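Q: Have a look at the structure that comes next, please.
2 protein chains.
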Amino acid sequence: MTTPPEIAEALAQAIAAAAEVRGTTSPNPAVGAAILDSAGAIVGVGATQPPGGPHAEVMALADAGARAQGGTAVVTLEPCNHTGRTGPCSQALFDAGIQRVFYAQADPFPAAAGGAEFLALKGVEVHFLDVKIPTLQPWLNAVKSERPNVTLKFASTLDGFAAATDGSSQWITGAAARAFVHEDRSRRDAIIVGTGTALADNPSLTARSGDRLYPRQPRRVVVGKREIGAGNLQRLGFEQYPGIPEALKALWEEGCRDVLIEGGPTLAAAALRMDVVDNIQAYVAPALLGAGRSILNWPQETSISEIMRFETSAVQQLDNDVLIEMQRKGL
Amino acid sequence: MTTPPEIAEALAQAIAAAAEVRGTTSPNPAVGAAILDSAGAIVGVGATQPPGGPHAEVMALADAGARAQGGTAVVTLEPCNHTGRTGPCSQALFDAGIQRVFYAQADPFPAAAGGAEFLALKGVEVHFLDVKIPTLQPWLNAVKSERPNVTLKFASTLDGFAAATDGSSQWITGAAARAFVHEDRSRRDAIIVGTGTALADNPSLTARSGDRLYPRQPRRVVVGKREIGAGNLQRLGFEQYPGIPEALKALWEEGCRDVLIEGGPTLAAAALRMDVVDNIQAYVAPALLGAGRSILNWPQETSISEIMRFETSAVQQLDNDVLIEMQRKGL
Numbered sequence: 003m004t005t006p007p008e009i010a011e012a013l014a015q016a017i018a019a020a021a022e023v024r025g026t027t028s029p030n031p032a033v034g035a036a037i038l039d040s041a042g043a044i045v046g047v048g049a050t051q052p053p054g055g056p057h058a059e060v061m062a063l064a065d066a067g068a069r070a071q072g073g074t075a076v077v078t079l080e081p082c083n084h085t086g087r088t089g090p091c092s093q094a095l096f097d098a099g100i101q102r103v104f105y106a107q108a109d110p111f112p113a114a115a116g117g118a119e120f121l122a123l124k125g126v127e128v129h130f131l132d133v134k135i136p137t138l139q140p141w142l143n144a145v146k147s148e149r150p151n152v153t154l155k156f157a158s159t160l161d162g163f164a165a166a167t168d169g170s171s172q173w174i175t176g177a178a179a180r181a182f183v184h185e186d187r188s189r190r191d192a193i194i195v196g197t198g199t200a201l202a203d204n205p206s207l208t209a210r211s212g213d214r215l216y217p218r219q220p221r222r223v224v225v226g227k228r229e230i231g232a233g234n235l236q237r238l239g240f241e242q243y244p245g246i247p248e249a250l251k252a253l254w255e256e257g258c259r260d261v262l263i264e265g266g267p268t269l270a271a272a273a274l275r276m277d278v279v280d281n282i283q284a285y286v287a288p289a290l291l292g293a294g295r296s297i298l299n300w301p302q303e304t305s306i307s308e309i310m311r312f313e314t315s316a317v318q319q320l321d322n323d324v325l326i327e328m329q330r331k332g333l
Numbered sequence: 003m004t005t006p007p008e009i010a011e012a013l014a015q016a017i018a019a020a021a022e023v024r025g026t027t028s029p030n031p032a033v034g035a036a037i038l039d040s041a042g043a044i045v046g047v048g049a050t051q052p053p054g055g056p057h058a059e060v061m062a063l064a065d066a067g068a069r070a071q072g073g074t075a076v077v078t079l080e081p082c083n084h085t086g087r088t089g090p091c092s093q094a095l096f097d098a099g100i101q102r103v104f105y106a107q108a109d110p111f112p113a114a115a116g117g118a119e120f121l122a123l124k125g126v127e128v129h130f131l132d133v134k135i136p137t138l139q140p141w142l143n144a145v146k147s148e149r150p151n152v153t154l155k156f157a158s159t160l161d162g163f164a165a166a167t168d169g170s171s172q173w174i175t176g177a178a179a180r181a182f183v184h185e186d187r188s189r190r191d192a193i194i195v196g197t198g199t200a201l202a203d204n205p206s207l208t209a210r211s212g213d214r215l216y217p218r219q220p221r222r223v224v225v226g227k228r229e230i231g232a233g234n235l236q237r238l239g240f241e242q243y244p245g246i247p248e249a250l251k252a253l254w255e256e257g258c259r260d261v262l263i264e265g266g267p268t269l270a271a272a273a274l275r276m277d278v279v280d281n282i283q284a285y286v287a288p289a290l291l292g293a294g295r296s297i298l299n300w301p302q303e304t305s306i307s308e309i310m311r312f313e314t315s316a317v318q319q320l321d322n323d324v325l326i327e328m329q330r331k332g333l
């Protein structure tokens, strides 16, 4: 069936609501929901609250109140059928008198799946909307692979350098790109750097807007065996793991679903060689250095057959710079 | 004054007409013109014909016929006031009874300038439209610098490699990007490569769509002192110059205004170090090699203060690849 326009509009509002809570819901997915009354008017919108809080459907139902009776729910992910810290959303939708449910993504999590089936058995009309929800992709991939989704982020010149030969690098990209990085950090569960970066750059790994911290900060994670002495990380607190597998295992177990590797070149190369890079964010400055320090510290010679190809998922200009976002093929 | 909507629409048609003849007009600029009748309806459109043929205004007037009387002309470049192989366009507009002229770019060429003044003195209402015409940029820059406008083109991975360590490189970018390159070649006056590329790759330097040649082919130019033996270039014909300055001087004198340097890394680095690169076309594949042959063969170490910065003028996705177009700052 063709999606009715009021359902498409409700889905757009649900997606927007989900995008607003991205980064606040792990280990749960950032879901959005909209409720239409029996006449097709949007009467409630909601999104997943932090862990332990209500899910999107419950928020949207609360927003709609009695107008949900006989109405329609549009959700970015199949309503859960699982009693965890909150009751199942499929039951909540049924109890509110919802007669039709549209959802955009099947729940891949065995313990929570079955919501669509439950509702159909209760006589609710259930429709699947074949639409990709980018906000959900890291969570879906994490649940499938049983480790956090890994995004590798780097900033470089057009010729692939993160710094000049002498190590100087501030700043390759401009203010708009740097502001975008910080907003993005505030949406991630953790930021991971190697000991090389931690020792050389004394990073804070905070998410800032100007001089102010975003309300939500990612976990600060260092990978490698060298000791990190006094500095910003010691001051702010951080976790350290000997290698990437240990870090990803611990972060997964502690509820992280969406983590960012910010470098440097040795850690980035190690993550690629371990094949744990699911997404790449390449901030490319329209500049050339000619020679310098590569974004990847690669230990061996290459042939073109070894090229690591990704799929371009989004391209945007950030003032003078370009952000190219990619994902693993078939993700 | 605010540009009236019928003038904006006429300008859009003039720009589109100019874009169609890009690459066929050197040493003249690719100009477009539109004629509106006295009621404001577009009654004629035209663009510059190959050298010796009519200019855009004359083509548009011919298209409009008697309906030009009492009408308006909209031109992407100030009408010329110069009798060369053709008569001055300002005179032609006046003779056709045009009462208003809008033009988007002043003529920077001393011998041809003065068209706006001539028309104003004849009592024609003349308006300048403050709009950048990208199609004209290479020609304007060439006339200003008295050498052809130089666009440096390269295709690379995200980490700045044009080939793997062992030299293998086919293909880094995909079919859509390669097709775009060929269409673009058909719009350039010359394609320049170094002797290294000529000897290693046996290139044809032709502009092809599938197996067919575009009707218009750029000049094939090799820079460097090594002899080019039997191969595609010998078969198709080419010019050779010992260095970039000699090549640009000769090409300028022979009427080239818009040339493309396609590599390899030694020639690209030399052009950047001579500061003759006006535009860059970077075709970036969403792929990483880790190690390989850089797009630039740079002879020395660098510090961040030596970074060569450009301005991003356009970004587009070509299937899975990204084309970033840049220009010299302030161009």
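Read top to bottom, the protein sequences are chains Z and U. For the first sequence, the numbering used here gives the first residue as 3, with consecutive numbering after it. For the second sequence, the numbering used here gives the first residue as 3, with consecutive numbering after it. We treat Cβ as the ideally placed atom computed from N, Cα and C, and that holds for glycine. Note that this is a predicted model, so its numbers are computed, not measured.
In the DSSP assignment, find the alpha helix (DSSP H) that holds S147 of chain U and state where it starts and stops.
A: Here residue 147 of chain U refers to the residue found at position 145 of the second sequence. First-last of the alpha helix (DSSP H) with S147 of chain U: Q139 to S147.
Q: Could you list which residues in chain Z have their beta carbon closer than 7 Å to that of Q139 of chain U, in chain order?
A: As a working mapping, residue 139 of chain U is identified with position 137 in the second sequence. Correct list: empty, because the minimum Cβ distance to chain Z is about 16 Å.
Q: Measuring CB to CB, does I194 of chain U end up less than 7 Å from V225 of chain U?
A: Taking the second sequence and counting its residues from 1, the one referred to as residue 194 of chain U is at position 192. Taking the second sequence and counting its residues from 1, the one referred to as residue 225 of chain U is at position 223. In contact: I194 of chain U and V225 of chain U (Cβ atoms closer than 7 Å).
Q: Distance, Cα to Cα, A144 of chain U vs G332 of chain Z?
A: Against the second sequence, residue 144 of chain U aligns to sequence position 142. Against the first sequence, residue 332 of chain Z aligns to sequence position 330. Roughly 46 Å separates the two Cα atoms.
Q: Is it buried or exposed for R228 of chain U, if we count other Cβ within 10 angstroms and need 16 for buried?
A: Stepping through the second sequence from its first residue, residue 228 of chain U is reached at position 226. That one is exposed.
Q: Beta strand (DSSP E) containing Q15 of chain U: first to last residue?
A: For the purposes of this step, residue 15 of chain U is taken as residue 13 along the second sequence, with counting starting at 1. Unbroken run through Q15 of chain U is the alpha helix (DSSP H), P7 to V23; no beta strand (DSSP E).
Q: Please return the same chain residues whose Cβ sits closer than 6 Å to the Cβ of N281 of chain Z, not counting the five positions on each side in sequence.
A: For the purposes of this step, residue 281 of chain Z is identified with residue 279 of the first sequence, where counting begins at 1. So the list reads T153 and Q329, once near-sequence residues are dropped.
Q: Between which two residues does the beta strand (DSSP E) harbouring A75 of chain Z extend?
A: For the purposes of this step, residue 75 of chain Z is identified with residue 73 of the first sequence, where counting begins at 1. First-last of the beta strand (DSSP E) with A75 of chain Z: T74 to V77.
Q: Is G48 of chain U buried or exposed, if buried means 16 or more other CB atoms sit within 10 Å of its CB?
A: Indexing the second sequence from 1 puts residue 48 of chain U at position 46. Buried.
Q: Determine the extent of the alpha helix (DSSP H) in which L95 of chain U is found, giving its start and end residues.
A: Reading the second sequence from its first residue, position 93 is the one you call residue 95 of chain U. Here the alpha helix (DSSP H) through L95 of chain U covers C91 to D97.
Q: So which of Z:Q283, Z:A273, Z:I174 and Z:I309 has the shortest CA-CA distance to R295 of chain U?
A: On the second sequence, residue 295 of chain U is found 293 positions in, with the first residue counted as 1. Residue Z:I309 is the option with its Cα nearest to R295 of chain U.
Q: Please list the segments of the alpha helix (DSSP H) lying wholly inside the stretch 157-223 of chain Z, counting only runs of 4 or more residues, in order along the chain.
A: The stretch 157-223 of chain Z contains these whole alpha helix (DSSP H) runs: 177-187 and 197-203.
Q: Under a CB-based cut-off of 7 Å, is T304 of chain Z close to chain U?
A: On the first sequence, residue 304 of chain Z is found 302 positions in, with the first residue counted as 1. It does; some Cβ of chain U falls within 7 Å.
Q: Please name the residue, chosen from Z:P247, Z:T159, Z:L269 and Z:I246, that lies closest to R311 of chain U on a Cα-to-Cα basis.
A: The sequence position of residue 311 of chain U within the second sequence is 309, counting from 1. The shortest Cα separation from R311 of chain U among Z:P247, Z:T159, Z:L269 and Z:I246 belongs to Z:T159.
Q: Applying a beta-carbon distance threshold of less than 9 Å, which residues of chain Z neighbour S171 of chain U?
A: In the second sequence, residue 171 of chain U corresponds to position 169, counting from 1. Those are I306, listed as they occur along chain Z.
Q: So W300 of chain Z and A293 of chain U are supposed to be a Cβ contact under 8 Å. How far apart are they, rounded?
A: The residue labelled residue 300 of chain Z in the question sits at position 298 within the first sequence. The residue labelled residue 293 of chain U in the question sits at position 291 within the second sequence. 4 Å between Cβ atoms; contact.
Q: Under 8 Å, CB to CB, which of the residues in the stretch 164-196 of chain U have a partner in chain Z?
A: Hits within the stretch, in order: A165, A166, T167, D168, S170, S171, Q172 and I174.
Q: Using three-state DSSP, classify M61 of chain Z as helix, strand or coil.
A: If you number the first sequence from 1, residue 61 of chain Z lands on position 59. If DSSP states are grouped into helix, strand and coil, M61 of chain Z belongs with the helices.
Q: Rounded to the nearest angstrom, what separates D203 of chain U and V223 of chain U at their Cα positions?
A: Within the second sequence, residue 203 of chain U is the residue found at index 201, counting from 1. Within the second sequence, residue 223 of chain U is the residue found at index 221, counting from 1. If you take the alpha carbons of D203 of chain U and V223 of chain U, they lie about 14 Å apart.
Q: Looking only at its chain, what residues have a beta carbon closer than 6 Å to the beta carbon of F240 of chain Z, apart from the 5 residues adjacent to it on each side?
A: Reading the first sequence from its first residue, position 238 is the one you call residue 240 of chain Z. Excluding residues within five positions, the ones whose Cβ falls inside 6 Å are R222 and V224.
Q: Mark M61 of chain Z as exposed unless 16 or more other C-beta atoms lie within 10 angstroms of its C-beta, in which case mark it buried.
A: As a working mapping, residue 61 of chain Z is identified with position 59 in the first sequence. M61 of chain Z comes out buried.
Q: Determine the extent of the beta strand (DSSP E) in which T268 of chain U is found, giving its start and end residues.
A: Mapped onto the second sequence, residue 268 of chain U falls at position 266. Premise fails: T268 of chain U lies in the alpha helix (DSSP H), P267 to R275, not in any beta strand (DSSP E).
Q: Would R24 of chain Z and T137 of chain Z qualify as a contact pair, given that the criterion is a beta-carbon distance under 7 Å?
A: Translated into the one-based positions of the first sequence, residue 24 of chain Z becomes position 22. Translated into the one-based positions of the first sequence, residue 137 of chain Z becomes position 135. Contact: yes.
Q: Where do the ends of the beta strand (DSSP E) carrying E241 of chain U lie?
A: In the second sequence, the residue the question calls residue 241 of chain U occupies position 239. Here the beta strand (DSSP E) through E241 of chain U covers E241 to Y243.
Q: Given that a residue counts as buried once 16 or more other Cβ atoms are within 10 Å of its Cβ, and exposed if not, what is Q172 of chain Z?
A: Looking up residue 172 of chain Z in the first sequence gives position 170. Burial call: exposed.
Q: Can you name the residues of chain U whose CB is closer than 9 Å to the CB of A2 of chain Z?
A: Any question about residue 2 of chain Z goes unanswered here, given that chain Z covers just 3 to 333.
Q: According to the Cβ coordinates, are E303 of chain Z and A316 of chain Z closer than 7 Å?
A: If you number the first sequence from 1, residue 303 of chain Z lands on position 301. If you number the first sequence from 1, residue 316 of chain Z lands on position 314. Not in contact: E303 of chain Z and A316 of chain Z (Cβ atoms no closer than 7 Å).
Q: Compare the C-beta of A106 of chain Z against all C-beta atoms of chain U and say whether one is closer than 7 Å.
A: Position 104 of the first sequence holds residue 106 of chain Z. Cβ-Cβ to chain U under 7 Å: no for A106 of chain Z.
Q: Going by DSSP, what residues sit across from E327 of chain Z in a beta bridge?
A: Translated into the one-based positions of the first sequence, residue 327 of chain Z becomes position 325. For E327 of chain Z, which the question treats as bridged, DSSP gives the partners Z:Q283 and Z:A316.
Q: Quick one, are the C-beta atoms of R210 of chain U and H184 of chain U less than 7 Å apart?
A: For the purposes of this step, residue 210 of chain U is identified with residue 208 of the second sequence, where counting begins at 1. For the purposes of this step, residue 184 of chain U is identified with residue 182 of the second sequence, where counting begins at 1. In contact: R210 of chain U and H184 of chain U (Cβ atoms closer than 7 Å).
Q: Thinking C-alpha only, which one of Z:L250, Z:P217, Z:A273 and Z:N322 is nearest Y285 of chain Z?
A: In the first sequence, residue 285 of chain Z corresponds to position 283, counting from 1. That would be Z:N322, whose Cα lies nearest to the Cα of Y285 of chain Z.
Q: Quick check on DSSP: helix, strand or coil for R102 of chain Z?
A: Position 100 of the first sequence, counted from the first residue, corresponds to residue 102 of chain Z. Strand at R102 of chain Z.
Q: Can you list the residues of chain Z that F312 of chain U reaches, using a CB-CB cut of under 7 Å?
A: Counted from its first residue, the second sequence places residue 312 of chain U at position 310. Those are P288 and A289, listed as they occur along chain Z.
Q: Do the CB positions of P267 of chain Z and I230 of chain Z come within less than 7 Å of each other?
A: Walking along the first sequence from the start, residue 267 of chain Z turns up at place 265. Walking along the first sequence from the start, residue 230 of chain Z turns up at place 228. Contact: no.
Q: Grab the span of the beta strand (DSSP E) containing F111 of chain U for me, first residue to last.
A: In the second sequence, residue 111 of chain U corresponds to position 109, counting from 1. Counting along the chain, F111 of chain U falls outside any beta strand (DSSP E), and DSSP gives it neither H nor E.
Q: Could you give the first and the last residue of the continuous beta strand (DSSP E) run that contains A249 of chain U?
A: Stepping through the second sequence from its first residue, residue 249 of chain U is reached at position 247. Run containing A249 of chain U: none in the beta strand (DSSP E); it sits in the alpha helix (DSSP H), I246 to E255.
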